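S.K.:
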Amino acid sequence: MTEKLKQTQALLEKHHRDGTAFAQLMKDTFASRFNDAFWDYWGTEIWPGIPKPAVVMDLGTGPGMFLQAVEQRFPGNTLYGVECAPYMLDAIDNLPENASIIEADLHDPKLPLGDSSVDVSLATMVLHEMHQPVKALMEVHRCLKPGGLLYVLDWVRVPLVNYLADSDLKVFDKNTPTDQLEDLFVHFIEHNRFTIEDLIFMLNSLDFELVDHSLLNQGRHARILVKKI
Numbered sequence: 021m022t023e024k025l026k027q028t029q030a031l032l033e034k035h036h037r038d039g040t041a042f043a044q045l046m047k048d049t050f051a052s053r054f055n056d057a058f059w060d061y062w063g064t065e066i067w068p069g070i071p072k073p074a075v076v077m078d079l080g081t082g083p084g085m086f087l088q089a090v091e092q093r094f095p096g097n098t099l100y101g102v103e104c105a106p107y108m109l110d111a112i113d114n115l116p117e118n119a120s121i122i123e124a125d126l127h128d129p130k131l132p133l134g135d136s137s138v139d140v141s142l143a144t145m146v147l148h149e150m151h152q153p154v155k156a157l158m159e160v161h162r163c164l165k166p167g168g169l170l171y172v173l174d175w176v177r178v179p180l181v182n183y184l185a186d187s188d189l190k191v192f193d194k195n196t197p198t199d200q201l202e203d204l205f206v207h208f209i210e211h212n213r214f215t216i217e218d219l220i221f222m223l224n225s226l227d228f229e230l231v232d233h234s235l236l237n238q239g240r241h242a243r244i245l246v247k248k249i
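Adding 20 to a residue's 1-based position in the sequence shown gives its number in our numbering.
Structure below.
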């Protein structure tokens, strides 16, 4: 294990607080995060535009729930999930036979995939966790076929009032515990790393062409679809 990988694993563990509990949370909330709206978008804006059978790559696949779900809805493709957090890898079960897990650090990934070998990749709630996403995006670009698609869904910078819209914490109550306040504001800083313009700028600078973009959930999340030029 490289020193860089150890640093990334430590970063993720700190970000996720209790890794085992967070992995279970990702399982428990998968259906609400990858909901009908997600699959409608996938089925209309993404899937029709790529060859079949497809090669699909999920960055930061966590416990691998997307790999299971995409196989159930669109069977018969080659699936790759990229992950490096030990507690996420331990939580993976019921992996489809046509799915493989690549253990790699997205801060400087060297994926065992050929140039122009992937049809579509996605990064959902991944880029905000990274010190820098440039190397990961470069590697995705290398792996994608010309015209291949990258779907990004992530937190983006918003005013505090927007960020707190779904929080049940009584932020301005004098009886609110200090540790809960600190946890919320640390997450606020982590989730407010990039604006949607920042993400589009990086993608354009790496020879991705913008296909579609929008803000979701009162502007807290950005959905971006790009293709490899």
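Where is the CB? At the ideal position from N, CA and C, for every residue including glycine.
Keep in mind that this is a model prediction, so the values were computed, not measured.
Which runs of the alpha helix (DSSP H) fall wholly inside the region 110-196 and span at least 4 residues, in chain order?
M.R.: With a minimum length of 4 residues, the continuous alpha helix (DSSP H) runs that stay inside the region 110-196 are 154-163 and 180-183.
S.K.: Look at the alpha carbon of Pro153 and the alpha carbon of His161, and state the distance between them as a whole number of angstroms.
M.R.: Locating residue 153 in the sequence shown gives position 133, counting from the first residue. Locating residue 161 in the sequence shown gives position 141, counting from the first residue. Each residue's alpha carbon lies about 12 Å from the other.
S.K.: Taking DSSP's pairing of strands, which residues face Tyr61 in a bridge?
M.R.: The residue you call residue 61 lines up with position 41 of the sequence shown. The partner list for Tyr61 (beta bridge, DSSP) is empty, contrary to what the question assumes.
S.K.: What distance in whole Å lies between the Cβ atoms of Gly96 and Pro116, which are believed to be in contact at a cut-off of 8 Å?
M.R.: Here the question's residue 116 lines up with position 96 in the sequence shown. Here the question's residue 96 lines up with position 76 in the sequence shown. Contact flag wrong, Cβ pair sits at about 10 Å.
S.K.: Drop a sphere of 10 angstroms on the beta-carbon of Lys248, count the other beta-carbons inside from all chains shown, and report buried for 16 or more, exposed for fewer.
M.R.: On the sequence shown, residue 248 is found 228 positions in, with the first residue counted as 1. So Lys248 counts as buried.
S.K.: Just how far apart, CA to CA, sit Phe86 and Val75?
M.R.: What you label residue 86 is simply residue 66 of the sequence shown in a count that begins at 1. What you label residue 75 is simply residue 55 of the sequence shown in a count that begins at 1. Whole-angstrom Cα-Cα distance: 14 Å.
S.K.: Does the contact criterion of 3 or more C-beta pairs under 8 Å hold for the region 196-213 versus the region 175-182?
M.R.: At 8 Å Cβ cutoff, the stretches touch.
S.K.: Quick check on DSSP: helix, strand or coil for Gly101?
M.R.: Here the question's residue 101 lines up with position 81 in the sequence shown. The answer is strand: DSSP assigns Gly101 an E or B state.
S.K.: Closest by CA to Ile70, which one among Lys194, Pro166 and Leu184?
M.R.: Locating residue 70 in the sequence shown gives position 50, where the first residue counts as 1. Comparing Cα-Cα distances from Ile70 to each of Lys194, Pro166 and Leu184, the minimum goes to Pro166.
S.K.: Helix, strand or coil, according to DSSP, for Arg4 in the structure here?
M.R.: With the chain represented from 21 up to 249, any question about residue 4 goes unanswered, as that position is not in the structure.
S.K.: Decide if Ala242 is buried, meaning its Cβ has at least 16 other Cβ atoms within 10 Å, or exposed.
M.R.: Taking the sequence shown and counting its residues from 1, one reaches residue 242 at position 222. Per the 10 Å Cβ criterion, buried.
S.K.: May I ask you to list the residues that DSSP assigns as paired with Lys247?
M.R.: Translated into positions along the sequence shown, residue 247 becomes position 227. Partner(s): Leu169 and Glu229.
S.K.: Three-state secondary structure (DSSP) at Asp78?
M.R.: In the sequence shown, residue 78 corresponds to position 58, counting from 1. Strand.
S.K.: Near Val90, what residues of its chain come up, given a Cβ to Cβ distance below 7 Å and the 5 sequence neighbours on each side ignored?
M.R.: What you label residue 90 is simply residue 70 of the sequence shown in a count that begins at 1. Closer than 7 Å at Cβ, skipping near neighbours: Val76 and Leu99.
S.K.: Are the Cβ atoms of Leu79 and Ser141 separated by less than 8 Å?
M.R.: What you label residue 79 is simply residue 59 of the sequence shown in a count that begins at 1. What you label residue 141 is simply residue 121 of the sequence shown in a count that begins at 1. It is a contact, given that the beta carbons lie within the stated cut-off.
S.K.: His148 to His127, Cα distance in whole Å?
M.R.: As a first step, residue 148 is located in the sequence shown; it is residue number 128 there, counting from the start. As a first step, residue 127 is located in the sequence shown; it is residue number 107 there, counting from the start. Going from the Cα of His148 to the Cα of His127 covers about 12 Å.
S.K.: Is Asn118 near Gln88, with beta carbons less than 8 Å apart?
M.R.: Here residue 118 refers to the residue found at position 98 of the sequence shown. Here residue 88 refers to the residue found at position 68 of the sequence shown. Not in contact: Asn118 and Gln88 (Cβ atoms no closer than 8 Å).
S.K.: Just curious, the alpha helix (DSSP H) that Arg53 is in, first and last residue?
M.R.: For the purposes of this step, residue 53 is taken as residue 33 along the sequence shown, with counting starting at 1. Its alpha helix (DSSP H) spans residues Phe50 to Arg53.
S.K.: Does Leu236 pass the burial test, meaning 16 or more other C-beta atoms within 10 Å, or should it be called exposed?
M.R.: The residue labelled residue 236 in the question sits at position 216 within the sequence shown. Counting Cβ neighbours within 10 Å, Leu236 comes out exposed, since fewer than 16 surround it.
S.K.: Buried or exposed: Val191, going by 16 or more other Cβ atoms within 10 Å of its Cβ?
M.R.: Within the sequence shown, the letter at position 171 stands for residue 191. Val191 comes out exposed.
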